[in-house]
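> A single structure is presented below for examination.
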DNA sequence: GCCATGGGTTATCGTCGTTAAGTTAACAAC
DNA sequence: GTTGTTAACTTAACGACGATAACCCATGGC
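Residue numbers (my numbering), protein chains in the order written: chain A, 1 to 240; chain B, 1001 to 1240.
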């Protein structure tokens, strides 16, 4: 209890600080002794998982460093050993989610060598379902400004995921001989269309949406048909 | 400088509080005397506009009540006379933006009694342009969870705007005799598609988007064609 | 035994949203 | 022209926040 700081000011806060008994430390560690090298990585992973869960449950801004730490039974400052600040924790979660999404897309293209339109159709469906099944990760990753740590990354996971998708669209453009189609623009529009549904459904859960499967199937169909039709002249719609 | 509070505790903060010289009060008021009834509404509007500007420039979470107040030359607590909390300020801005958007849509339908498809086409274009031209209001309104003040409102502006759009889609469904089309689902999908583009472009300004007008025109076309095609069987795409 | 170091702690800072209590200027009635 | 009343605003303070600085101490190689 010795005041070893130089200023000798009275303590003023620290009354309810870290004193939320609702959050108990996770005692699944097993050992009670201090650990050394290598264990740090484990702790780092624990922090990431706790943060992911709390971000998911309560959102980024409302999740505090202190509560992440408390849920692991450590003090808030211990977190700064593994991450420079709160934003860096979010950045790492974002990057991991982006990677998962990209792998999803790449696997699909490699595993199903069938009609490119069918592959694109399935990829779009997959994307939307992925988003809806990982609401919090999706929200963290796509529905808020990218933290600089991710944005300045040369291997920007968003760009990578986009490129995977672009390949699928290009396959369709070539297979269907959609002359005059800008595959890049089409991919951006398709992505925007997928993102919009996921984003709105996640952000407006109380909206009276039509039944989920109808909504998703119809949306995929709308987008894929749109890609086919919008690509080469508007011979069906009739809008000069 | 008399300490009129009962507790006689030492002041501890209040050092840099409200002491940011960069933010000068807006001295356009003219009179220097205190004002009475009716002037309160003016101050309320001032707060809303300052908040809108600051939310726009720096985002909701980073904008503090103290800075909103400082930009008007009043103390932070004065704000609580007009709004119960920070969220309520955001809620009012949201509601106002929703109204503007809805009016946009209604005007368009009333003023141009031409081909329903053309009207829908223009409305979608309008929506996207509106979003891109009001990036911060759009972000505040659509890209974050609705505050309860707006959500619990019976005249939920989002629902109203949606209904306006639904009417346009229904016009198209009837004019083109798209049997088997669920106008409600189509509207939701169309809205999701529009929202997705606006949302992504606003949230990822550094992404290598194709040229803006190409992107928007192509997207509108993709969506409108998608509505036409997705509505009644997939006779063009060829995906069983 | 010594000590560098990794994995923690406590104390503290400045800021935040928000509340409580007090101040002051403009009006109303007497 | 004093006396309320009240709208509009202030100062002081609270508890929580992100972050930093300074310290503690068990482990493990020497």
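Quick reminder that beta carbons are idealized off the backbone N, C-alpha and C, glycines included.
Helix or strand or just coil, what does DSSP make of residue 241 (chain A)?
The shown model of chain A, from 1 to 240, leaves out residue 241 (chain A), and the question about it has no answer.
> If I measure Cβ to Cβ from residue 1046 (chain B) and keep anything under 6 Å in the same chain, skipping five residues before and after, which residues do I get?
Taking the first residue of the second chain as 1, we reach residue 1046 (chain B) at position 46. Excluding positions up to five away in sequence, the list reads 1072.
> Using a Cβ cut-off of 8 Å (strictly closer), state whether residue 182 (chain A) contacts chain B.
Against the first chain, residue 182 (chain A) aligns to sequence position 182. Yes - at least one Cβ of chain B is within 8 Å of the one on residue 182 (chain A).
> Determine the closest residue to residue 130 (chain A) out of A:198, A:49 and A:54, with distance taken between C-alpha atoms.
Start at 1 with the first residue of the first chain, and residue 130 (chain A) comes out as number 130. The shortest C-alpha separation from residue 130 (chain A) is found at A:198.
> Quick check: is the beta carbon of residue 1185 (chain B) nearer than 8 Å to any beta carbon in chain A?
As a working note, residue 1185 (chain B) is residue 185 in the second chain. Yes, residue 1185 (chain B) lies at the interface with chain A (some Cβ there is under 8 Å from its Cβ).
> For the stretch 1187-1202 of chain B, which residues have a beta carbon sitting closer than 9 Å to at least one beta carbon of chain A?
Residues 1188, 1189, 1190, 1191, 1192, 1193, 1194, 1195, 1196, 1197, 1198, 1199, 1200 and 1201.
> Strictly under 8 Å for the Cβ-Cβ distance: is residue 131 (chain A) near chain B by that measure?
Residue numbering aside, residue 131 (chain A) sits at position 131 when the first chain is read from its first letter. It does not: the Cβ of residue 131 (chain A) has no partner Cβ on chain B nearer than 8 Å.
> Spatial neighbours of residue 169 (chain A) within its chain, please: C-beta separation below 8 Å, excluding the five flanking residues on both sides.
Along the first chain, one-based indexing puts residue 169 (chain A) at 169. For residue 169 (chain A), where only same-chain residues beyond five positions count, the Cβ hits under 8 Å are 120, 183, 186, 187, 190 and 227.
> Rounded C-beta distance between residue 1223 (chain B) and residue 1193 (chain B)? I'm assuming under 8 Å.
Within the second chain, the letter at position 223 stands for residue 1223 (chain B). Within the second chain, the letter at position 193 stands for residue 1193 (chain B). Going by Cβ atoms, the distance from residue 1223 (chain B) to residue 1193 (chain B) rounds to 4 Å, so yes, they are a contact pair.
> Looking at the structure shown, is residue 92 (chain A) part of a helix, part of a strand, or coil, going by DSSP?
By one-based count along the first chain, residue 92 (chain A) stands at place 92. Three-state DSSP puts residue 92 (chain A) in a helix.
> Within the 8 Å Cβ cut-off, does residue 1172 (chain B) reach chain A?
Here residue 1172 (chain B) is taken as the residue at index 172 of the second chain, counted from 1. No, residue 1172 (chain B) does not count as interfacial toward chain A.
> Please check if any C-beta of chain B sits within less than 8 Å of the C-beta of residue 177 (chain A).
Locating residue 177 (chain A) in the first chain gives position 177, where the first residue counts as 1. Residue 177 (chain A) does not count as touching chain B.
> Looking at C-alpha atoms only, which residue of A:167, A:96 and A:115 is the closest neighbour of residue 138 (chain A)?
Here residue 138 (chain A) is taken as the residue at index 138 of the first chain, counted from 1. The option with the nearest alpha carbon to residue 138 (chain A) is A:96.
> Output, in chain order, the set of chain A residues within a Cβ distance shorter than 8 Å of residue 1227 (chain B).
Indexing the second chain from 1 puts residue 1227 (chain B) at position 227. Residues of chain A passing the Cβ test: 222.
> Using a Cβ-Cβ distance under 8 Å, would residue 218 (chain A) count as near chain B?
As a first step, residue 218 (chain A) must be located in the first chain, where it is residue number 218. True, the Cβ-Cβ gap to chain B drops below 8 Å.
> At a Cβ cut of 7 Å, what residues of the stretch 1069-1094 of chain B count as close to chain A, listed as they run along the chain?
Per Cβ criterion, the list is empty.
> So with CB distances below 7 Å, who are the chain A contacts of residue 1145 (chain B)?
The residue labelled residue 1145 (chain B) in the question sits at position 145 within the second chain. What residue 1145 (chain B) touches in chain A: 203.
> Report the rounded CA-to-CA distance for residue 1062 (chain B) versus residue 1195 (chain B), giving the unit in angstroms.
Residue 1062 (chain B) sits at position 62 when you count from the first residue of the second chain. Residue 1195 (chain B) sits at position 195 when you count from the first residue of the second chain. Their Cα atoms are separated by approximately 24 Å.
> Does any residue of chain B bring its CB to less than 8 Å from the CB of residue 61 (chain A)?
Here residue 61 (chain A) refers to the residue found at position 61 when the first chain is read from its first residue. Chain B contact via Cβ: present.
> Just checking: is the beta-carbon of residue 1168 (chain B) within a distance shorter than 8 Å of some beta-carbon in chain A?
In the second chain, counting from the first residue as 1, residue 1168 (chain B) sits at position 168. Not closer than 8 Å to any Cβ of chain A, the Cβ of residue 1168 (chain B) fails to qualify, so no.
> Apart from the five residues on each side of it in sequence, which residues of its chain come closer than 7 Å, Cβ to Cβ, to residue 1022 (chain B)?
Here the question's residue 1022 (chain B) lines up with position 22 in the second chain. Here the model assigns residue 1022 (chain B) a pLDDT of 38, short of 50, so the residue's position is not dependable and the matter cannot be decided.
> Considering only the alpha carbon of each residue, which of A:162, A:60 and A:221 lies closest to residue 1207 (chain B)?
Taking the first residue of the second chain as 1, we reach residue 1207 (chain B) at position 207. With distances taken between Cα atoms, residue 1207 (chain B) lies closest to A:162.
> Residues in the same chain with beta-carbon distance under 6 Å from residue 219 (chain A), minus the five sequence neighbours each way, listed in chain order, please.
Position 219 of the first chain, counted from the start, is the residue given in the question as residue 219 (chain A). So the list reads 197, once near-sequence residues are dropped.
> Cα-Cα, which of B:1088, B:1094, B:1229 and B:1124 is closest to residue 1105 (chain B)?
Taking the second chain and counting its residues from 1, one reaches residue 1105 (chain B) at position 105. Per the Cα distances, B:1124.
> What separation, rounded to the nearest whole angstrom, lies between the Cα atoms of residue 1041 (chain B) and residue 93 (chain A)?
Against the second chain, residue 1041 (chain B) aligns to sequence position 41. Against the first chain, residue 93 (chain A) aligns to sequence position 93. Each residue's Cα considered, the two are about 45 Å apart.
> Between which residues of its own chain and residue 1128 (chain B) is the CB-CB distance below 8 Å, once the five residues before and five after are set aside?
Counting from one through the second chain, the residue named residue 1128 (chain B) turns up at place 128. Taken in chain order, the residues that qualify are 1194, 1197, 1198, 1216, 1219 and 1220.
> Return the CA-CA distance between residue 56 (chain A) and residue 225 (chain A), expressed in angstroms with no decimal places.
Start at 1 with the first residue of the first chain, and residue 56 (chain A) comes out as number 56. Start at 1 with the first residue of the first chain, and residue 225 (chain A) comes out as number 225. Roughly 34 Å between the two C-alpha positions.
> Helix, strand or coil: which one does DSSP assign to residue 165 (chain A)?
Stepping through the first chain from its first residue, residue 165 (chain A) is reached at position 165. Helix.
> Taking Cβ-Cβ distances shorter than 8 Å, what residues in chain A pair up with residue 1210 (chain B)?
Residue 1210 (chain B) sits at position 210 when you count from the first residue of the second chain. Result: 182, 184, 185 and 188.
> Would you verify that the beta carbon of residue 1230 (chain B) is, or is not, closer than 8 Å to some beta carbon of chain A?
Sequence index remark: in the second chain, residue 1230 (chain B) carries index 230 (1-based). Taking Cβ atoms only, chain A reaches closer than 8 Å to residue 1230 (chain B), which makes this a yes.
> Quick one: measure Cβ to Cβ for residue 1078 (chain B) and residue 1069 (chain B), integer angstroms, because I've assumed they're closer than 8 Å.
On the second chain, residue 1078 (chain B) is found 78 positions in, with the first residue counted as 1. On the second chain, residue 1069 (chain B) is found 69 positions in, with the first residue counted as 1. Going by Cβ atoms, the distance from residue 1078 (chain B) to residue 1069 (chain B) rounds to 6 Å, so yes, they are a contact pair.
> Kindly say whether residue 1215 (chain B), judged by its beta-carbon, lies nearer than 8 Å to any beta-carbon of chain A.
As a first step, residue 1215 (chain B) is located in the second chain; it is residue number 215 there, counting from the start. Yes, contact with chain A.
> Going by the beta-carbon positions, is the gap between residue 1146 (chain B) and residue 1089 (chain B) smaller than 8 Å?
Position 146 of the second chain holds residue 1146 (chain B). Position 89 of the second chain holds residue 1089 (chain B). No, these two residues do not count as a Cβ contact at 8 Å.
> With 16 as the cutoff for other CB atoms within 10 Å, does residue 1164 (chain B) come out buried or exposed?
Looking up residue 1164 (chain B) in the second chain gives position 164. Buried, because 16 or more other Cβ atoms sit within 10 Å of the Cβ of residue 1164 (chain B).
> What span of residues does the alpha helix (DSSP H) with residue 177 (chain A) cover, start to end?
For the purposes of this step, residue 177 (chain A) is identified with residue 177 of the first chain, where counting begins at 1. Looking at the DSSP string, residue 177 (chain A) is not in any alpha helix (DSSP H), and its letter there is neither H nor E.
> Could I get the ranges of all uninterrupted alpha helix (DSSP H) runs contained in the stretch 39-91 of chain A, with 4 residues as the minimum, in chain order?
Qualifying alpha helix (DSSP H) stretches, in chain order: 39-58 and 65-72.
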